[in-house]
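Residues in the sequence shown are numbered from -17 upward in steps of one, following the working numbering. Structure, as structure tokens:
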Amino acid sequence: MTVTIISSTSKGLLAAALTTAVALSAGPTAAAADDDHGWKGAGGLSLNSTDNAKVDAYVNRARHAEESISTDVRAASLATGAELVGFAQRLKSPDSLKRKVATSLKDHPEQNVDTVLAGIGDAVRYTLQWPDDTYTTGVTRASAILSAWGNDSTKWSNTWSRTSGYKGLNTGWRAPRSGQLFEVQFHTPASKHAQEVTHLLYEEQRLPSTTSARKKELQAQQDAFFAAVPVPPGADSLTAPAPATR
């Protein structure tokens, strides 16, 4: 792939990342496939045999696409001094994907399984983490490297400027070779810790059975955790990289 990077610093980073990428390869553990008789989950969620087979096929495509995506992400991580957090969980489990698809179909009966699968952006997902003092520079350089390799930015959710609630940077990308959507979260140690400790609170808040009063209580608890997270200098101004010239 031929790319043009204007900044000499970006040229150096890209060259270092390309060198690293040549030496990297990652083989994920294959997900177990369900049988041909559909899928049933908790809370009455289910998929018929046809829809279940389509999700299984999607899982296999994501698993194969992940290999080249991981090479890009790992190289970008090493080139920018990031910690690649939770790499072993880079693939969403088949059961989790089926639960997500079944929930979406239940909530939006006008959709079909193909539409739902086309919109899933986190079947392949990563977290890059830097200390506060190198966070903004790290994000800028890592996202520039990913873009230069042809990964198109599809989502850029920067919530560092929020006065309450989740703080961090969640981004979505489309891989150039497979077209697979994947997610990269950019965190500091403090924001990642807050995300982890509030996860169960968030999950309870999303349940249909959770009362309005309880949802407000859960939100207040999450707000308290994230309020204690320092905002790295310049983090609230981070924007998606411009598309690379190809």
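Don't be surprised by glycine CBs; every beta carbon is placed ideally from N, CA and C. This one's a predicted model, so the numbers in the text were calculated from it and none came from an experiment.
The residues 31, in chain order, have a CB closer than 7 Å to that of residue 19 in the same chain once the five nearest residues on each side in sequence are set aside. Look at residue 139 here: in three-state DSSP terms it is strand. CA-to-CA, the gap between residue 207 and residue 147 works out to about 8 Å. Taking a contact as a CB-CB distance under 8 Å, the pair residue 55 and residue 117 does not count as one, their CB atoms being some 17 Å apart.
Under the criterion of beta carbons closer than 8 Å, residue 162 and residue 47 qualify as touching, at roughly 4 Å. Residue pairing for residue 111: DSSP places it in a beta bridge opposite 65 and 169. Listed in chain order, the non-local C-beta contacts of residue 22 below 7 Å within the same chain comprise 28, local neighbours out to five positions each way being set aside. For residue 151, the enclosing beta strand (DSSP E) stretches over residues 151 to 156.
Under a 10 Å Cβ-count criterion, residue 193 is classified as exposed, with fewer than 16 other Cβ atoms of the shown protein chains found around its own Cβ. Nearest to residue 44 by alpha-carbon distance, out of 184, 105 and 152, is 105. Here DSSP, grouped into helix, strand and coil, assigns residue 75 to coil. In the displayed model, residue 27 falls within coil according to three-state DSSP, outside both helix and strand. Among the bridge pairs identified by DSSP, residue 131 is matched with none. The shortest CA-to-CA distance from residue 39 to any of 99, 136 and 153 is the one to 99. The Cβ atoms of residue 63 and residue 142 lie no closer than 8 Å to each other.
Cβ neighbours of residue 129 within its own chain (closer than 7 Å, five residues either side excluded): 135, 223, 225 and 226. Comparing C-alpha distances from residue 178 to each of 149, 159, 61 and 93 shows the shortest one belongs to 149. Taking C-beta separations shorter than 6 Å and ignoring five residues to either side along the sequence, the partners of residue 121 in its chain run 168 and 220, following chain order.
The beta-carbon distance between residue 131 and residue 153, rounded to whole angstroms, is 15 Å. This is too long to meet the 8 Å contact definition.
Here residue 191 is exposed. Its C-beta has fewer than 16 other C-beta atoms within 10 Å. In the DSSP assignment, residue 22 forms a beta bridge with 28.
Taking a contact as a CB-CB distance under 8 Å, the pair residue 102 and residue 82 counts as one, their CB atoms being some 7 Å apart. With respect to the 8 Å criterion, residue 36 and residue 89 are not classified as neighbours on the basis of their beta carbons.
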